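Notes follow once the structure below has been shown.
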Amino acid sequence: MHTKRIFLLSFLCFLSAAINANGAGTSDGPGYDAATFDAALQRGLSDPKIPFQLQVNCIDQKGIRSMQMFSGGATIWNRRTQVTLPAKTRFALMETLVSQRFSGFKDRYGGSERLEKTEAAARVTCRIHVEIAEMKKSSVQQGGGEQSALLAGLATALLDEAEKHAVMGVTPDNLQDALAKLSSGQLAPQVLQLRLVDLTEEGGNTTGSILQIRGGKMSHQAYSPGISVDSQAWSQLSPDQYPGLLAELQSTQLESLPGNLWSQDQVDFEIQVLGHKKLIIAKPFKRLYPGAEKAAQQRFNSLVTYLRALNS
Numbered sequence: 001m002h003t004k005r006i007f008l009l010s011f012l013c014f015l016s017a018a019i020n021a022n023g024a025g026t027s028d029g030p031g032y033d034a035a036t037f038d039a040a041l042q043r044g045l046s047d048p049k050i051p052f053q054l055q056v057n058c059i060d061q062k063g064i065r066s067m068q069m070f071s072g073g074a075t076i077w078n079r080r081t082q083v084t085l086p087a088k089t090r091f092a093l094m095e096t097l098v099s100q101r102f103s104g105f106k107d108r109y110g111g112s113e114r115l116e117k118t119e120a121a122a123r124v125t126c127r128i129h130v131e132i133a134e135m136k137k138s139s140v141q142q143g144g145g146e147q148s149a150l151l152a153g154l155a156t157a158l159l160d161e162a163e164k165h166a167v168m169g170v171t172p173d174n175l176q177d178a179l180a181k182l183s184s185g186q187l188a189p190q191v192l193q194l195r196l197v198d199l200t201e202e203g204g205n206t207t208g209s210i211l212q213i214r215g216g217k218m219s220h221q222a223y224s225p226g227i228s229v230d231s232q233a234w235s236q237l238s239p240d241q242y243p244g245l246l247a248e249l250q251s252t253q254l255e256s257l258p259g260n261l262w263s264q265d266q267v268d269f270e271i272q273v274l275g276h277k278k279l280i281i282a283k284p285f286k287r288l289y290p291g292a293e294k295a296a297q298q299r300f301n302s303l304v305t306y307l308r309a310l311n312s
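Numbering of the sequence shown is given in the working numbering, commencing with residue 1 and proceeding in unit increments.
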């Protein structure tokens, strides 16, 4: 029971993080009305080439379930398994959104407005997020207040449809196995998530950059901690960059590296593939010294050099 409660709390934190990443219960775009968004879904039904992405996170009678479907059908199921949904299933998911009139759902059900930023946000128990034809819409269920049976029912229907394919999914054993499966094509590029924060201090000023790779795309941001950070500008990871990146990640043997390494500058590196994570912080640790963990340091330095070239 204790373990189950911890897992539930972890999932609720994950849901809240997903909300914050896409806008906390607010409109994701410039405020599309229901008719405009519904028209986009209708066009998607008749034209499968229109980009369509769907994310559902919910606690229902079957427990804690989640799916994140990218354009093309690659889907992360319950954060640890990749399934590839066929075109007829993607059509069925879109058809369900249309028939249940998702375009008219509120951005948020339940909860309450926070009067102060210091007030804790209401617990999130369910969320549906749709992206189609460069438009976005989310509907979120928060604890307390109005509870939407329509949102819960739609989320369950969408999850049930995707779950039919979960048994045929690919679940890597560890991070190195996940990278190997990415290289062989068993896993789609969209399931790779990577973040590099690269900082240098000079004259009392700390400046640097943030590189992120997520959903098959890459973003670069100039970053000065506590002062400024550029807005994200995403671009598609090119076919030429992707194989080289995977080869570098595999040769680094990430799982064998310590979590802390010495560096003159500060480098925070984080990678995740279907629930398998690795975080490495490199900086002038007082308890470490240049040359400690020499082989590991060399492999990590090689990776950072490669990522800096991507970030240039």
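Where a beta carbon is used, it is the ideal one built from N, C-alpha and C, also for glycine. Computed from a predicted model, the values in this text were never measured in an experiment.
Taking 7 Å as the threshold (C-beta atoms), are residue j and residue i in contact?
i      : j      : result
Ser148 : Gln142 : no
Asp268 : Val167 : no
Ala233 : Ser219 : yes
Ala188 : Ala74  : yes
Gly169 : Gln68  : no
Ala152 : His276 : no
Glu270 : Leu279 : yes
Gly208 : Leu194 : no
Gln190 : Gly215 : yes
Asn311 : Leu246 : no
Gln266 : Lys283 : yes
Gln221 : Asp230 : yes
Ignore the nearest five residues each way along the sequence and tell me which others in residue i's own chain have a CB closer than 7 Å to its CB.
i      : result
Leu192 : Leu182, Ile213, Val273
Arg43  : Ile50, Ala133
Pro258 : Glu293, Ala296
Does DSSP classify residue i as helix, strand or coil?
i      : result
Asn174 : coil
Gly153 : helix
Asp268 : strand
Arg65  : strand
Ala162 : helix
Ser103 : helix
Thr26  : In this prediction, Thr26 has a pLDDT of 40, which is less than 50 and means its spatial position is unreliable; what the coordinates show is noted afterwards. Here Thr26 sits in coil by DSSP.
Which residues does DSSP pair with residue i in a beta bridge?
i      : result
Ala74  : Thr84
Lys137 : Val130
Leu192 : Val273
Gln221 : Ile210
Leaving out five residues before and five after residue i in sequence, what residues of the same chain have Cβ atoms less than 8 Å from its Cβ?
i      : result
Leu93  : Leu54, Met69, Leu85, Leu158, Glu161, Ala162
Pro48  : Ala87, Arg90, Phe91
Gly104 : Ala34, Asp38
Arg79  : Phe14, Ser66, Leu274, Gly275
Leu237 : Pro189, Ile213, Gly216, Lys217, Met218, Leu245
Leu288 : Asn260, Leu261, Trp262
Spatial neighbours of residue i within its chain, please: C-beta separation below 6 Å, excluding the five flanking residues on both sides.
i      : result
Gln176 : Glu255
Ala155 : Val56, Cys58, Cys126, Ile128
Val130 : Leu54, Lys137
Cβ of residue i less than 7 Å from any chain C Cβ?
i      : result
Gly145 : The structure shown contains no chain C; it holds only a single protein chain.
Pair every Cβ in the stretch 55 to 68 with every Cβ in the stretch 98 to 114, then say whether three or more of these pairs are closer than 8 Å.
Under the Cβ criterion (8 Å, minimum of three pairs), the stretch 55 to 68 does not count as touching the stretch 98 to 114.
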